[in-house]
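**Student:** Please find one structure pasted underneath; my questions will follow.
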Amino acid sequence: MSLIELVRSDAKIMEVAQFLDSLSHADRLAECQALSGRDQKLLFRKAGDSPPLDLGFFVPSDRGPLTEVIHHGKNSQPAFRDFQKRWCRPADRDDVLYGYNEGVLRRVIGPGYFVARETDDGGRDPRGAIVVDYFMTPPPDGKVPGWPAVKPNSKGLQRFVYNLTRDYMRRVSSHVSIGEAHRLEKRIMGWFVLCRED
Numbered sequence: 029m030s031l032i033e034l035v036r037s038d039a040k041i042m043e044v045a046q047f048l049d050s051l052s053h054a055d056r057l058a059e060c061q062a063l064s065g066r067d068q069k070l071l072f073r074k075a076g077d078s079p080p081l082d083l084g085f086f087v088p089s090d091r092g093p094l095t096e097v098i099h100h101g102k103n104s105q106p107a108f109r110d111f112q113k114r115w116c117r118p119a120d121r122d123d124v125l126y127g128y129n130e131g132v133l134r135r136v137i138g139p140g141y142f143v144a145r146e147t148d149d150g151g152r153d154p155r156g157a158i159v160v161d162y163f164m165t166p167p168p169d170g171k172v173p174g175w176p177a178v179k180p181n182s183k184g185l186q187r188f189v190y191n192l193t194r195d196y197m198r199r200v201s202s203h204v205s206i207g208e209a210h211r212l213e214k215r216i217m218g219w220f221v222l223c224r225e226d
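Dropping the structure here:
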């Protein structure tokens, strides 16, 4: 059995979670990276039955402030599909996470900083309880763990990728999440799967 086979079958999200949780990080990552854009869309729908995420999923509570946690990603776009979302807990807040996108195009399009938070309705948004919000960025003088300089997503080439965008996140397993990207809350831009590195 593979993740692709489970996603394309009538398997419930709990069966998908059990399969992924049984794997090593390397095998789990390989399974996630094999998903096509169509598979990611199917997985996002299936993950609607998962328990809601919280910020501790992305940066576990045993990680101190400004400790980087890497989630390896694969998106549904036709090119440059591999990337990382790097997250940390701010030194002075416990209600949000800071993060940015790392990949081969980062030096060209910019870091794509975001603030991850619970959705405005207390995490009850049907799209996902946690939103990766590109309308928001860490303060320009805010501390980040040795990351690129913070700049708004409305500046430079990154405005074509990240500006006016929010990603809604759903749980897949103990380490894996699936996101759906929205532009201006109106248009779905695609999907991406993340696998947390422990």
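Quick note: the sequence shown, position 161, residue 189 per the working numbering, numbers continuous. Positions of the beta carbon are idealized from the N, C-alpha and C atoms, including for glycine.
When you compare only the Cα positions, how much space is there between Val160 and Met29?
**Tutor:** Each residue's alpha carbon lies about 32 Å from the other.
**Student:** Looking only at its own chain, which residues have a Cβ that is under 6 Å from the Cβ of Leu31, when we skip the five neighbours before and after it?
**Tutor:** So the list reads Glu59, once near-sequence residues are dropped.
**Student:** Does the region 139-151 come close enough to the region 75-88 to have 3 or more Cβ pairs within less than 8 Å?
**Tutor:** Touching, per the Cβ criterion.
**Student:** Straight-line CA distance for Gly174 to Tyr190?
**Tutor:** Straight-line Cα distance between these residues: approximately 21 Å.
**Student:** In terms of DSSP beta bridges, what is Leu48 paired with?
**Tutor:** Bridge partners of Leu48: none, in fact.
**Student:** How do the region 191-204 and the region 166-173 stand: do at least 3 beta-carbon pairs fall below 8 Å, yes or no?
**Tutor:** No: the two stretches stay apart, fewer than three of their Cβ pairs being nearer than 8 Å.
**Student:** I'd like the list of long-range same chain contacts for Lys69, defined as Cβ closer than 8 Å, with 5 residues on each side in sequence excluded.
**Tutor:** Result list for Lys69: Ser104, Trp219, in chain order.
**Student:** Specify, as a first and last residue, the run of the alpha helix (DSSP H) that Val136 falls within.
**Tutor:** Where Val136 is concerned, the enclosing alpha helix (DSSP H) stretches over 134-137.
**Student:** Is the region 206-223 touching the region 118-125, taking contact as three or more C-beta pairs under 8 Å?
**Tutor:** Too few Cβ pairs lie closer than 8 Å, so no.
**Student:** Tell whether a beta-carbon distance below 8 Å holds between Ile137 and Gln186.
**Tutor:** Yes.
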